[in-house]
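Here is the structure we will look at.
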Amino acid sequence: MFRLYPFRCQWLPVGLLLPQAALAQLPAITSVVPAANFLAAPASGPVAVTFNQPLLNTSAGSLKVFSSLRGGQRAQGAAAAVVSGNALRFSPGSAPFSPGETVSYTVTRGASSSNGALAQPRVGQFTVAVGGGNGTFAPGSDPASGFQPITVAVGDVDGDGDLDFVTANFRGPISVRLNNGSGTFGPGRDVSVSGNVRSVTLGDVDGDGDLDLLAPDYSDDTGTSVSVRFNNGQGVFSGTQSVFVNTGSYGLALGDVDGDGDLDLLTANGRSNSVSIRFNDGQGSFGGSQNVAAGSNPHNVVVGDVDADGDLDYLVANSNSSTVSIGFNDGRGNFSAGSFVSVAANPFGLAVGDVDGDGDLDLLSSSPNANGAISVRLNNGTGTFGGGQDVATNNISGYGAFSVTLGDVDGDGDLDFLASNANGGGPGSVLIGLNNGKGIFSAGQSVSVGRATQGVAVGDVDGDGDLDILSANSNDNNVSIRLNRSGSAGTGTGTNPALASLLPNIITPNNDRHNDLFVIDEPDRGPWALTVYTRWGQRVYHSPNYQNDWGADSPGGTYFYLLQPADGGPARKGWVEVVR
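Residue 1519 in our numbering sits at position 495 of the sequence shown, and the numbers go up by one each step.
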């Protein structure tokens, strides 16, 4: 079931206190498409924010859209968002989002009407749909990296439309390797950073439309800084900025935690048992001194709106315990120590995503010890996690998983997991857990990669619309590239591009006999069972044998649908807007 939650409160900056009547006259957001945490956003589709009243034209710059893999900040300059009556819209145009990537957006308080400015910013994210793949992988190639790569990050760093990779290496600089467009990687320029790093993150921190590089200095649990290196748009990184954080910085996450339209940084600090939050000034310079207590020896941190209040919270894996710490955001980037979620012992890797399809962010952690597991914990929509399963990793030789990531590798519209297996320094592998759409994972497939595999990432490196695997192999000084096969297989049938092109995402039931109804024109796979939900998760329509008759009497707004075909193929889910 799809569930979206409206804001529970509004706050104003200190010193700006308005009576309730005046507050009610300020512009308010009524819908965002694609919805937060949604998994089927089209790669070329717009980001559209609707308000309860017309906006001033000066509001165009208040919508900030960040691509995590392709191009960094997208809504800027000549490609800025546009104002159309009550709506703000951004379209990626001729440079679509990358399949499977997470796109984040902020609607800042710059959104204004004649009554004033938006009282509270909204920050959200969604995942772009893939265009195929069946979750089985060809042998692929193993391009060289630097000495003993620990983690790998993917993104289009040279602006040519394909995905490159960078690695954090046990000793020496960050390695940059450029893609030729088909998943073959040549040399790039290595990047000097401070100290000794274990992780690297890409993101557009200076807002110029390319992906910059950030790497915390671990230095055997004594490091206290993050190196920030700016991209010139061609994959050449420069600069000397170091951001001071608490001791033992290991993993780093980027996100707009204060709602001002730029990416802030958070680090997990093992030795000081803390999370450091540093605010971006919009130009890529970071300040602040907030450090929030975490559990024992935290190593990796991720961000996401887990309590559905329109801002980004953090989750951090406490590797000397059996917990994940959650820090809840007050909307201004101030975090409470939050709560703890019980997971398998010694969690190290961490990922968040809507794995059970109910519209909120669930969490997965990975444990690298010999009896390790992938812990799946499901969110009840308010940031309270429970249930789920622990998927054993000791059914593969060696140790469990150092890292875990999420992606729809079999093209069936839900998020699967991929976890690395270092195998005690021997031949490594990537364990794939296929999702049944409800957050239940089978973990029978293991993809062979190089030795001592610790980091794993996914992305469409060969440009065919599906998600491929990249793994960092410490004992081979390389990265394994494993390409996803297209077509059908026993574990997945892939996305049906023909069906996707036939499903409308907007209907106009004005009785003109044109686009009045939600029409599914693919009789060969029917009959279809259709269920339609409001954006708050209320079911408003269901038919086990849909006859293209929904929409005529539906109020305007955004709805979510679930389609289940009679031929036993994968279900499809998406959004449709009713415009009157």
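Yeah, the Cβ is synthetic: ideal placement off N, Cα and C, and Gly gets one too.
For S1466, does the count of other Cβ atoms within 10 angstroms reach 16, so buried, or fall short, so exposed?
-> exposed
Counting along the chain, where does the beta strand (DSSP E) carrying S1444 start and finish?
-> D1440 to N1445
Taking L1080 as the reference, which of N1353, L1050 and F1150 has the closest Cα?
-> L1050
Go ahead and pull the three-state DSSP assignment for G1410.
-> strand
Helix, strand or coil at L1523 according to DSSP, with G and I counted as helix | Any answer about L1523 is weak, because its pLDDT of 43 lies below 50 and its placement is not dependable; what the coordinates show is given next. If DSSP states are grouped into helix, strand and coil, L1523 belongs with the helices.
For V1106, which residues from the same chain have a beta carbon less than 8 angstroms from its beta carbon, with the 5 sequence-adjacent residues on both sides left out?
-> A1084, L1112, R1113 and F1114
Straight-line Cα distance separating G1328 from T1408 | 13 angstroms
Whether G1381 touches G1155 by CB criterion (7 angstroms) = no
Quick one: give me the first and last residue of the beta strand (DSSP E) that Q1149 is part of.
-> R1146 to T1151
Given 8 angstroms, three or more beta-carbon pairs between the region 1125-1136 and the region 1081-1101 = yes
F1364: first and last residue of the uninterrupted beta strand (DSSP E) it sits in = S1363 to S1366
Per DSSP, what kind of secondary structure is Q1588 in: helix, strand or coil?
-> strand
Backbone CA spacing between A1476 and G1377 [nearest angstrom] = 27 angstroms
Which word fits K1597, buried or exposed, when buried means at least 16 other C-beta atoms lie within 10 angstroms of its C-beta?
-> buried
Whole-angstrom Cβ separation of D1337 and G1283, contact assumed at under 8 angstroms?
-> So it is not a contact: roughly 13 angstroms between Cβ atoms.
Between the beta-carbon of S1165 and the beta-carbon of I1505, is there less than 7 angstroms?
-> yes
Quick one: any contact between the region 1358-1371 and the region 1439-1448, if contact means 3 or more CB pairs under 8 angstroms?
-> no
Hey, how far is the Cα of L1385 from the Cα of D1280?
-> 17 angstroms
Length of the line joining the Cα atoms of N1502 and D1186 = 20 angstroms
Since F1542 sits in a beta bridge, which residues does DSSP pair it with?
-> Paired residues: none, contrary to the question.
DSSP state of L1036 mapped onto helix, strand, coil = Because the pLDDT of L1036 is 36, which lies under 50, any placement of that residue in the model is unreliable, and the number read from its coordinates should be weighed accordingly. Coil, per DSSP.
Beta-carbon proximity list for S1346, same chain, < 8 angstroms, skipping 5 on both sides | S1366, V1367, A1368, A1369, N1370 and P1371
Beta-carbon proximity list for S1298, same chain, < 7 angstroms, skipping 5 on both sides = N1270, N1315, V1316, A1317 and A1318
Sequence-distant residues of its chain with Cβ nearer than 8 angstroms to D1234 (five each side left out) = G1095, G1096, V1181, G1183, D1228, N1255, N1256 and G1257
Give a yes or no on whether the C-beta atoms belonging to D1500 and G1474 are separated by under 7 angstroms.
-> yes
Measure how close the beta-carbons of G1179 and L1507 come, nearest whole angstrom, since I'm counting them as under 8 angstroms.
-> No, G1179 and L1507 are not in contact; Cβ-Cβ is about 18 angstroms, not under 8 angstroms.
Length of the line joining the Cα atoms of R1604 and G1580 = 6 angstroms
When the Cα of Q1172 is compared with those of F1161, F1194 and R1509, which residue comes out closest?
-> F1194
Quick one: what does DSSP say G1437 is sitting in, helix, strand or coil?
-> coil
Residue closest to A1052, alpha-carbon to alpha-carbon, out of A1065, A1060, R1098 and A1143 = A1143
Could you tell me how far apart the beta carbons of L1237 and V1215 are, in whole angstroms, since I believe they sit closer than 8 angstroms?
-> 6 angstroms
Under a Cβ-count criterion, where at least 16 other Cβ atoms within 10 Å of its own Cβ denotes burial, should V1482 be classed as buried or exposed?
-> buried
What are the boundary residues of the beta strand (DSSP E) that W1599 is part of?
-> R1596 to V1602
Which two residues bound the contiguous beta strand (DSSP E) that contains P1240?
-> D1236 to P1240
Using beta-carbon positions only, say whether A1168 and L1226 come within less than 7 angstroms of one another.
-> no
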